[in-house]
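Numbering (UniProt numbering), first residue to last: 100 to 865.
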Ligand code: ADP
Ligand code: ZN
Ligand code: ZN
């Protein structure tokens, strides 16, 4: 247990918090809360007690019961009080309104530390009273083991608990509680031996080693631009060995929770319990325990998602950001920090090395490396010159004159353009119906081949659920979320409609909720429906689906990954979670079912994202001895993001995309700040933002551009209308300061009008 008076924020974090609050224009307490594990957060819970107001003369029986309850208990959490009187829901609210009860905030208690009973030797056996053979065995085990948990002892020697009690009575051992850690679950992976570095790896490693040893520059970050499977992770592992030898610690960031278990498993195989895991899918208690192990220096390597950048590693020597281009490093709620920026600040504070690794750096990172803000290191080939997989682009379009029954398939994707050169074509005859369009004959053939050879495939589609749209054929409307401007997704297993924005859920409707017609059709497809189609084509195949729906249960993700790793499944189908980082030797095919989904995003980064996705998904196949293949299905085979990714012309893509960005004044040529207001009343949200923009404009440099106010991409979310203003600014170092001043002036009015305002520097999705 942490000492009550021991500060949980070190001097480094106190300063870091201030700096972030200032840069992000975020409340300081929110920043500090983000830095700590939930168990230690200073946030509080609403509690209730009797107020000092005079007792009412007349009370209803329900009200009397509540007051009697509080008189007996003193103070209770409001939530608990409501539960206790849930049969008379208004009674608590009425008493609060009348002023007989009052609320207050009580800081949440730190999550309890778990203890377990251990036994330890305290005396020696008296020869006059010899031990029974079983007692001797248990005593010997305790003597040689130091502090032995009773739980473990009982497992090794059944009945040991009883024996220990007897030994304790004789004064030979003592039993007492000791703090124990809850160990997070990890997928079972065969331990990976340390490898001898290839010459290309060795060259990169030597530069980084020199930096770690103080013979190279650590003021600037290093960008390791290495193709998928080029051995970046092996380099991280060996760098950490050096860091540990120097008596220092390291942080390794991975982009998604889904990747953490595998990465952690690789690191634990090398470094055992010196590794601590930190990510949001852990239980509050587990997370707190891992945090304490780092805090105390018992673990010195933190591996985890975004928030692990705040890991309390002592004497930090190295921070690795793997897949450094990933947008999940940016937090999308206040404080909207970027873990890469925080990593830079922490590395500077400790004089530590910051290493960004990626096969597909973001355009900003690529540009920074080109102008020398980063040291650039490259790995252009896979380990052992294993070839990058061959990419087949399947053109899903029909030729003119070719017909297809007018059915649901039509709406799979909209916006086809360009010609079909160089892409695999299937004839219309072969592609009839939905199955044909989702799983082209070309793809089916490739999948079948994998099944025949006992190899594995990864299939990617970035949409969960069964169908994203339910359309009424009579009135033409789609079934919408009542609280947000999006259509509800049908989930077949539970037969419900669900909003993927706010979580609203209702049973599937038999009739159109707007006109009452029974003519409802399902449009489009999600992973759940693809799973069903795959099963109908390949009844004998073993298919695993990995998306937010199948991994919400604790431990489910680890189970799926373990099964796939042990080849108990042939096809791993899933969303974003399967697209990157996975490293399985028998995967020889990876598939993007519909590349158009990411191209359609109304975002200036759509091409970059699509390109990265293609390269990353391709990177999953053929990483070991078996050669790999990739199938990309699309309606836009000639889009540069697709065509250049197919041919591996990475630098060409970057150069072309930089030109587009320059022409449109987007990053890396400008920096962006997104201002958002939200209110249930549309006009209030818009007017508040208009006033801010009006005040801001005269205080900006002439080449700064402000777009908006305009409705957000999804105008209404959770019953609130949202407006955006996008600021594109160039060299204005004091811009955040000026913006903060304007916002401060507007604060009282915003407060009064109850308009929510958010400020997002370097926004990712909007
Ligand atoms: P990346 O992180 O760049 O995608 P990895 O580090 O995962 O690449 O390496 C790809 C595969 O090659 C892994 O299975 C890894 O174990 C193996 N590997 C890495 N370095 C070596 C090496 N020097 N010799 C042999 N195999 C290696
Ligand atoms: Zn209708
Ligand atoms: Zn909703």
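Backbone N, C-alpha and C fix where the C-beta goes; we use that ideal spot for every residue, glycine too.
Determine which residues share a DSSP beta bridge with residue i and list them.
i           : result
residue 400 : 349 and 374
residue 558 : 672 and 690
residue 605 : 596
residue 457 : 324
residue 280 : Paired residue(s): none; residue 280 is not in a bridge.
residue 433 : Per DSSP, none; premise fails for residue 433.
residue 334 : Per DSSP, none; premise fails for residue 334.
residue 298 : Per DSSP, none; premise fails for residue 298.
residue 204 : 145
residue 474 : 321
residue 860 : 772
residue 777 : 821 and 855
residue 645 : 673
Using DSSP with H/G/I as helix, E/B as strand and the rest coil, what is residue i?
i           : result
residue 790 : helix
residue 592 : coil
residue 817 : coil
residue 416 : strand
residue 723 : coil
residue 765 : coil
residue 573 : coil
residue 663 : helix
residue 704 : coil
residue 639 : coil
residue 395 : coil
residue 802 : coil
residue 384 : helix
residue 232 : helix
residue 828 : strand
residue 117 : helix
residue 650 : coil
residue 223 : coil
residue 566 : strand
residue 148 : strand
residue 410 : coil
residue 615 : coil
residue 656 : helix
residue 844 : helix
residue 508 : In this predicted model, residue 508 has a pLDDT of only 37, less than 50, meaning its place in the structure is not dependable; the value taken from the coordinates is given anyway. Helix.
residue 168 : helix
residue 812 : strand
Leaving out the 5 sequence neighbours to the left and right, which residues in its chain are closer than 7 Å to residue i when beta-carbon positions are compared?
i           : result
residue 507 : The predicted position of residue 507 is uncertain, since its pLDDT is 36 and thus under 50; no value can be drawn from it.
residue 606 : 594 and 595
residue 280 : 388 and 392
residue 862 : 771 and 773
residue 756 : 462, 706 and 707
residue 769 : 827, 828 and 829
Leaving out five residues before and five after residue i in sequence, what residues of the same chain have Cβ atoms less than 8 Å from its Cβ?
i           : result
residue 820 : 777, 778, 779, 780, 781, 784, 785, 810 and 814
residue 108 : 116, 131, 134 and 135
residue 616 : 571, 572, 573, 574 and 610
residue 473 : 319, 320, 321, 322, 455, 464 and 467
residue 265 : 234
Residue i: which of the options sits nearest, CA to CA?
i           : options               : result
residue 320 : 192, 454, 219 and 435 : 454
residue 336 : 316, 373, 848 and 313 : 373
residue 427 : 834, 708 and 730      : 708
residue 412 : 793, 228 and 351      : 351
residue 694 : 847, 716, 205 and 580 : 716
residue 642 : 477, 558, 732 and 401 : 558
residue 471 : 541, 316, 537 and 431 : 316
residue 751 : 669, 739 and 761      : 739
residue 138 : 165, 189, 212 and 184 : 212
residue 243 : 646, 789 and 218      : 218
To which residues of the same chain is residue i closer than 6 Å at the C-beta, ignoring the five residues directly before and after it?
i           : result
residue 468 : 322 and 475
residue 604 : 595 and 597
residue 259 : 237, 252 and 253
residue 354 : 422, 425 and 427
residue 727 : 488, 687, 720 and 721
residue 170 : none
### Task
For ligand 2, list every residue whose C-beta falls under 6 Å from any of its heavy atoms, going in chain order.
571, 573, 574, 576, 611, 613, 614 and 616
#### Entry: Residues near ligand 3, criterion Cβ-heavy atom distance below 5 Å
For ligand 3, residues qualifying as neighbours are 580, 582, 583, 598, 600, 601 and 603, where qualification means a beta carbon closer than 5 Å to at least one of its heavy atoms (chain order).
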